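So the structure is just underneath, and the comments pick up after that.
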Amino acid sequence: MIQITDLEKFYKTEEVQTIALNKLSFNVKEGEFVAIMGPSGCGKSTLLNILGLLDDPDGGSFMFNGTEVAGYNERKRSELRKHNIGFVFQSFNLIDELTVFENVELPLIYTGVKPAERKKQVEAVLEKMQIMHRRNHFPQQLSGGQQQRVAVARAVVNNPKLILADEPTGNLDSTNGNEVMDLLIDLNEAGTTIIMVTHSEHDAKYSHRIIRMLDGQKVTENILA
Amino acid sequence: MIKNYFKIAWRNLMKHKVFSLINIIGLTIGLSASFVIGLMVYYDATFDDFHKDGDRIYRVVTDLISPEDTFSISGVTLALEDEIKDDSNFETVGSFYIERPSKVENRELGSQFKWPNFVIFTDANYFKIFNYTFLAGDETNILSHPNSVILTENRAADYFPNTVPSDIIGKTLVYNDSLNVTVTGIVENFKERTDFVFEEFIAKPLLLQTRLRENFLNLNWNNTNDASQLFVKVASNADVSAIQNRLDNLAAAHQDEDSKKYGDEQKFGLQPLSDIHFNEKYGIYDWTKGQANKSLLTNLALVAVFLLLLGCINFINLNTAQASQRAKEIGIRKTLGSSRKQLISQFMGETFLLVLISALLSVLLSKWLINVFSDFVPDGLNFELFKSPLIVVSAIVLLIIVTFLSGFYPALILSKFNTVSVLKNHLAVGDKKVKLRKFLTIFQFTIAQIFIIATLLVGKQINFLLTTDMGFKTDAIISVYSPRGEREVSKKELYAEKLRAIPEIKEISIGGTPPASISTNSTSLSYNNGEKEVNTDLQFIFGDINYSKVFELDILAGRSIRNDTVKELVINETCRKKLGFKSPEEAVGKIVLLGGENVPIVGVMADFFQRSLKSNIKPMAFRGDWNRPDWSQFQGLHLALQNESSEGLKTTLSKIENAYKSVYTEIDDYRVEFLDESIQNFYNRERKMSKLLNWATGLSILISCLGLLGLVIYTTNRRVKEIGVRKVLGASLFQINTILCKEFLILVAIAFVIAAPIAWYGINNWLQDFAYKTSIGFWVFLVSGLAMIFFALIVISVKTLQAANANPVDSLRSE
Numbered sequence: 001m002i003q004i005t006d007l008e009k010f011y012k013t014e015e016v017q018t019i020a021l022n023k024l025s026f027n028v029k030e031g032e033f034v035a036i037m038g039p040s041g042c043g044k045s046t047l048l049n050i051l052g053l054l055d056d057p058d059g060g061s062f063m064f065n066g067t068e069v070a071g072y073n074e075r076k077r078s079e080l081r082k083h084n085i086g087f088v089f090q091s092f093n094l095i096d097e098l099t100v101f102e103n104v105e106l107p108l109i110y111t112g113v114k115p116a117e118r119k120k121q122v123e124a125v126l127e128k129m130q131i132m133h134r135r136n137h138f139p140q141q142l143s144g145g146q147q148q149r150v151a152v153a154r155a156v157v158n159n160p161k162l163i164l165a166d167e168p169t170g171n172l173d174s175t176n177g178n179e180v181m182d183l184l185i186d187l188n189e190a191g192t193t194i195i196m197v198t199h200s201e202h203d204a205k206y207s208h209r210i211i212r213m214l215d216g217q218k219v220t221e222n223i224l225a
Numbered sequence: 001m002i003k004n005y006f007k008i009a010w011r012n013l014m015k016h017k018v019f020s021l022i023n024i025i026g027l028t029i030g031l032s033a034s035f036v037i038g039l040m041v042y043y044d045a046t047f048d049d050f051h052k053d054g055d056r057i058y059r060v061v062t063d064l065i066s067p068e069d070t071f072s073i074s075g076v077t078l079a080l081e082d083e084i085k086d087d088s089n090f091e092t093v094g095s096f097y098i099e100r101p102s103k104v105e106n107r108e109l110g111s112q113f114k115w116p117n118f119v120i121f122t123d124a125n126y127f128k129i130f131n132y133t134f135l136a137g138d139e140t141n142i143l144s145h146p147n148s149v150i151l152t153e154n155r156a157a158d159y160f161p162n163t164v165p166s167d168i169i170g171k172t173l174v175y176n177d178s179l180n181v182t183v184t185g186i187v188e189n190f191k192e193r194t195d196f197v198f199e200e201f202i203a204k205p206l207l208l209q210t211r212l213r214e215n216f217l218n219l220n221w222n223n224t225n226d227a228s229q230l231f232v233k234v235a236s237n238a239d240v241s242a243i244q245n246r247l248d249n250l251a252a253a254h255q256d257e258d259s260k261k262y263g264d265e266q267k268f269g270l271q272p273l274s275d276i277h278f279n280e281k282y283g284i285y286d287w288t289k290g291q292a293n294k295s296l297l298t299n300l301a302l303v304a305v306f307l308l309l310l311g312c313i314n315f316i317n318l319n320t321a322q323a324s325q326r327a328k329e330i331g332i333r334k335t336l337g338s339s340r341k342q343l344i345s346q347f348m349g350e351t352f353l354l355v356l357i358s359a360l361l362s363v364l365l366s367k368w369l370i371n372v373f374s375d376f377v378p379d380g381l382n383f384e385l386f387k388s389p390l391i392v393v394s395a396i397v398l399l400i401i402v403t404f405l406s407g408f409y410p411a412l413i414l415s416k417f418n419t420v421s422v423l424k425n426h427l428a429v430g431d432k433k434v435k436l437r438k439f440l441t442i443f444q445f446t447i448a449q450i451f452i453i454a455t456l457l458v459g460k461q462i463n464f465l466l467t468t469d470m471g472f473k474t475d476a477i478i479s480v481y482s483p484r485g486e487r488e489v490s491k492k493e494l495y496a497e498k499l500r501a502i503p504e505i506k507e508i509s510i511g512g513t514p515p516a517s518i519s520t521n522s523t524s525l526s527y528n529n530g531e532k533e534v535n536t537d538l539q540f541i542f543g544d545i546n547y548s549k550v551f552e553l554d555i556l557a558g559r560s561i562r563n564d565t566v567k568e569l570v571i572n573e574t575c576r577k578k579l580g581f582k583s584p585e586e587a588v589g590k591i592v593l594l595g596g597e598n599v600p601i602v603g604v605m606a607d608f609f610q611r612s613l614k615s616n617i618k619p620m621a622f623r624g625d626w627n628r629p630d631w632s633q634f635q636g637l638h639l640a641l642q643n644e645s646s647e648g649l650k651t652t653l654s655k656i657e658n659a660y661k662s663v664y665t666e667i668d669d670y671r672v673e674f675l676d677e678s679i680q681n682f683y684n685r686e687r688k689m690s691k692l693l694n695w696a697t698g699l700s701i702l703i704s705c706l707g708l709l710g711l712v713i714y715t716t717n718r719r720v721k722e723i724g725v726r727k728v729l730g731a732s733l734f735q736i737n738t739i740l741c742k743e744f745l746i747l748v749a750i751a752f753v754i755a756a757p758i759a760w761y762g763i764n765n766w767l768q769d770f771a772y773k774t775s776i777g778f779w780v781f782l783v784s785g786l787a788m789i790f791f792a793l794i795v796i797s798v799k800t801l802q803a804a805n806a807n808p809v810d811s812l813r814s815e
């Protein structure tokens, strides 16, 4: 599904150039659950942004489902992203002005799903995430665990092929964290490919494969299952 | 999706109530001004736009051009019509003569009407050019009978109350006591807006039975009068420049010897129908309605545009300043697949919602504004006009333009945010955006500052106009005019006799107009000093031997007139200089040639203002009424009153009116004027402009200060931590306030530097209209600059003092 080869990303300020990704290469197969680990500043988030088509690499190749997407413009990236990729963030990133229902509904609006169908799909996913009773609440009225469940619901409502999770349990206590990890496992077992950045060895163990990074390069790769 | 946009727009609006309020107030004021002024422009621009082939209808007008001046008359010589009526360039040539009958009687009912207005003498061609709807009467033989009249339904209702139009046909009205005229038609009054206010159309031949008989029998190319109106409807293939050539040739061919000698010429022009409502040079038929004034409308439109711009600027400033607060939402939306176009539409939708709310409020506010600006707003203007499709479409277009002006730049900025950065909270406030905000704030304050300076200077000039000594006595003087058409001097003398019994009246004079008035009477004068002949136009004021006492005219040499029927002149200083006399004394005793007669100068009076201070003092002479046997120039009595309380004045006035009633029977035509009020009326337009400026100033300060308040609230909130640290380190309240205010006051100061020369240039231009003007004082600029800084400081301090007073522990803990 994903093949990256010699991927490079630099950040430049007026005086200093920082290398965020240094000729990084690896593949992810469809249905895989991959955890990416490494110390702060090793390039994990940069990698996730590029994989999520939120950012452009400065060099190398990025094949998504057999197509080179490294040179895509914003419009094409947006198009590909909204149909194929779901995001889960450490800080949930729900829109404060929208209710739970409306937040989950957003990706469907952008993919042009009709209102009646949207309602059905949103309600189904809220049921599944056991957050239906909070559908009319605003994010600030929910606990952290509930907010992350909403965020996961939003990430999967479109049935994306790939979910990118950036430290999904980072802001949660262990009980809520485990619940979220269980949700991700369920999704993966249903066929969704998951790439997760994490600091937590405990969470990483849920994955099939752990890629460890340092200074923008892959250091080791452990296959768990 | 649109529902979603509006939902989030509404929630955002409610979340940031202060900012929303600031935006709505600014836009509402701008939109209200635009609505009202737009309605006014529409109202005036649609006068007489309903006549069939209106673009082919012209009024023929006259300009009398002399080496000194050009005098414009809406009428033409009576001789012109016959010369052009067969020209194939014209489809129809129609004329009419405006003349108020002294009396109209319906003897059947025993009712009489004095001096009915809007009566014209005309023929069938008038009705070919202007399409009236006939309610009764023969449409094919319009005014073919010499003693016939057509009435509008309104006039018919006055003369023949409760009678249906068809029953009025054939009835007789008696004009001026002896002319029997039959009603042959009743027409509908024009329903649309029109300057053609005529109510009574009498067959032209009847003019020969009035005082104007001679004028019509002996057509004179050099006698032109506003009452004699000529309209043409040009053929659809007409060559307008050929018509103009023909008119020029006719004018040149009929120039008389005197005109050639003095370099005077007359020029005929074609005034398009659509120009009549706007061109004050030639005027309209009902002066009380007031004509549209293009420059006033332009100024009003500019005020509306500026107010609207100020509102838009507030929106841009506040929204770009707040942008970072919305960054997260934008990042999430982009991540979930929103395109930039979708984001821009979302923000434009939000802007439109705000503009729409403002527009709804504006409609309410406009009603109130129409009252406030009643001086400018014509009587017929009301909200019914809002039903016009053109107005509705224009209003929608305006809302879209305002939405774009306000919303597009913020939408562009917001949608451009880098998704990765905003989700990481790494949002840098662009230097460019801050610069733009500063630039826009400076722009706002520049406009407000220009308005302040202009208000002060216009006020100063008006004060100068109203307080400058006119050169004669103006207070406690009233003029009582004789009934219209009444020229008998003996009755005036009888009235004066009765008034002498009232002790509150100091002096009484019978005369023409006061020394300063809007009407002029002039003739050319020549003087030969033995070496060369000097020619000049000479204006007159007419009066008896008391006239100079009532108005306290200052006689510099010689004496005033001794008798009001003896030919002698008291000239003013300007005339004395023009004729080449070195001193007033030298002029006394000299003989000048006036209309072919020798007349001696018996005195020289000091100059005074004959009109408003807009015009230069012209050569003038005070004279008696020596043409009295033919035509008396005396129109009424001027009374100098003792100074007394307003209660006493009331009693005196009623005594004066009672005396009038004992002399004259035409008591409805009692006209009294206070000289100081008449002089104030010279400056009506300036006073209107001043009122307009006061409002524009107030509103522009309000909008700009609100915008500033918004920016201050935003900036101060961002600097809460800095304020906390400074306080902990020992900064005083004053020091912190100074730091916070400085940033904004610099902008206001820059605005002043830009505004001052622009305001100076504008006001200097405006002052060119006046022959006599106030100085543009340095202090005005100083005061207005300080005033602006004062307003800004108050607004800024409201927030900064609150921030500076806050407990630093709170702000530091939240970090």
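If you read the protein sequences in the order shown, they are chains Y and E. Position 148 of the first sequence, counting from 1, maps to 148 under full-length UniProt numbering, and the rest follow consecutively. Position 771 of the second sequence, counting from 1, maps to 771 under full-length UniProt numbering, and the rest follow consecutively. Even for Gly, the Cβ is constructed at its ideal location relative to N, Cα and C. Since this is a predicted model, take the numbers as computed values, not measurements.
Practice item. Specify the secondary structure class of Ile210/Y as computed by DSSP and reduced to three states. Key: strand
Check your understanding: Does DSSP put Asn4/E in a helix, a strand or coil?
Key -> helix
Check your understanding: Shorter than 8 Å from the beta carbon of Asn717/E to some beta carbon of chain Y?
Key -> no
Review point. How many Å lie between Leu230/E and Ala203/E at the Cα?
Key: 15 Å
Review point. For Arg671/E, which residues does DSSP report across the bridge?
Key: Tyr481/E
Review point. Residues of chain Y with CB under 8 Å from Thr335/E, in chain order?
Key: Gly52, Leu54, Arg81, Phe87, Asn93
Check your understanding: Taking DSSP as the reference, what is the three-state secondary structure of Asp55/E?
Key -> helix
Review point. By how many angstroms is the C-alpha of Phe201/E removed from the C-alpha of Phe160/E?
Key: 16 Å
Exercise for review: Starting from the beta carbon of Arg75/Y, find every residue of chain E whose beta carbon is closer than 9 Å, and list them in chain order.
Suggested key: Ser339, Arg340, Lys341
Exercise for review: Would you give the residue range spanned by the alpha helix (DSSP H) that Leu80/Y belongs to?
Suggested key: 74 to 84
**Study point:** Neighbour-count burial assignment, Gly71/Y, 16 or more Cβ in a 10 Å radius
**Key:** exposed
Point to revise | Neighbourhood of Gln610/E by C-beta, 7 Å cutoff - its chain only, sequence neighbours within 5 removed | key: Pro515, Ala516, Gln539, Ile617, Lys618, Met620
Exercise for review: Determine, using beta carbons only, whether Ile195/Y comes closer than 8 Å to chain E.
Suggested key: no
Check your understanding: Name the chain Y residues that come within less than 9 Å of Asn12/E, Cβ to Cβ?
Key -> Glu97
Practice item. Please report the Cβ distance between Val748/E and Met788/E, rounded to the nearest whole angstrom; I am assuming they are in contact, meaning their Cβ atoms lie under 8 Å. Key: 6 Å
Exercise for review: Please name the residue or residues paired with Asn27/Y in a DSSP beta bridge.
Suggested key: Gln3/Y
**Study point:** Per DSSP, the bridge partner or partners of Ala35/Y
**Key:** Met196/Y, Ile210/Y
**Study point:** the stretch 640 to 648 of chain E / the stretch 467 to 480 of chain E touching (three or more Cβ pairs under 8 Å)
**Key:** yes
Practice item. Would you check if the distance between the CB atom of His208/Y and the CB atom of Leu187/Y is smaller than 8 Å? Key: no
Point to revise | Distance, Gly170/Y Cα to Arg135/Y Cα | key: 24 Å
Review point. So Val150/Y and Leu94/Y are in contact, right, with Cβ under 8 Å, and what is the actual spacing, rounded?
Key: 6 Å
Check your understanding: Can you tell me where the alpha helix (DSSP H) with Asn176/Y in it begins and where it stops?
Key -> 174 to 189
Practice item. Hey, could you find the ends of the alpha helix (DSSP H) Pro115/Y is sitting in? Key: 115 to 128
Exercise for review: Could you pull out every residue in the same chain whose Cβ sits closer than 6 Å to the Cβ of Ile243/E, ignoring the five residues on either side in sequence?
Suggested key: Asn89
Check your understanding: How close, in whole Å, do the beta carbons of Ala165/Y and Met196/Y come, if the pair is a contact with beta carbons under 8 Å?
Key -> 4 Å
Practice item. Inspect the beta-carbon positions of Leu525/E and Leu594/E and report whether they are closer than 8 Å. Key: yes
Review point. Which whole-angstrom value is the C-beta distance of Val36/E and Leu369/E, which I expect to be below 8 Å?
Key: 5 Å
Point to revise | Cβ neighbour criterion (16 or more within 10 Å) applied to Asp625/E | key: buried
Check your understanding: Between which two residues does the beta strand (DSSP E) harbouring Pro165/E extend?
Key -> No beta strand (DSSP E) contains Pro165/E, which is instead part of the alpha helix (DSSP H) from 165 to 168.
Point to revise | Per DSSP, cross-strand counterpart(s) of Lys218/Y | key: Met213/Y
Exercise for review: Return no unless some Cβ of chain E is closer than 8 Å to the Cβ of Tyr72/Y.
Suggested key: no
Practice item. Would you mind listing the alpha helix (DSSP H) stretches within the stretch 617 to 679 of chain E that are 4+ residues and don't spill past its ends, in chain order? Key: 646 to 663
Check your understanding: Of all Cβ atoms in chain Y, is any one closer than 8 Å to the Cβ of Lys17/E?
Key -> no
Practice item. Kindly indicate if chain Y contains any beta-carbon less than 8 Å away from that of Glu815/E. Key: Note that Glu815/E scores 38 on pLDDT, short of 50, meaning its location in the model is unreliable and no value can be drawn from it.
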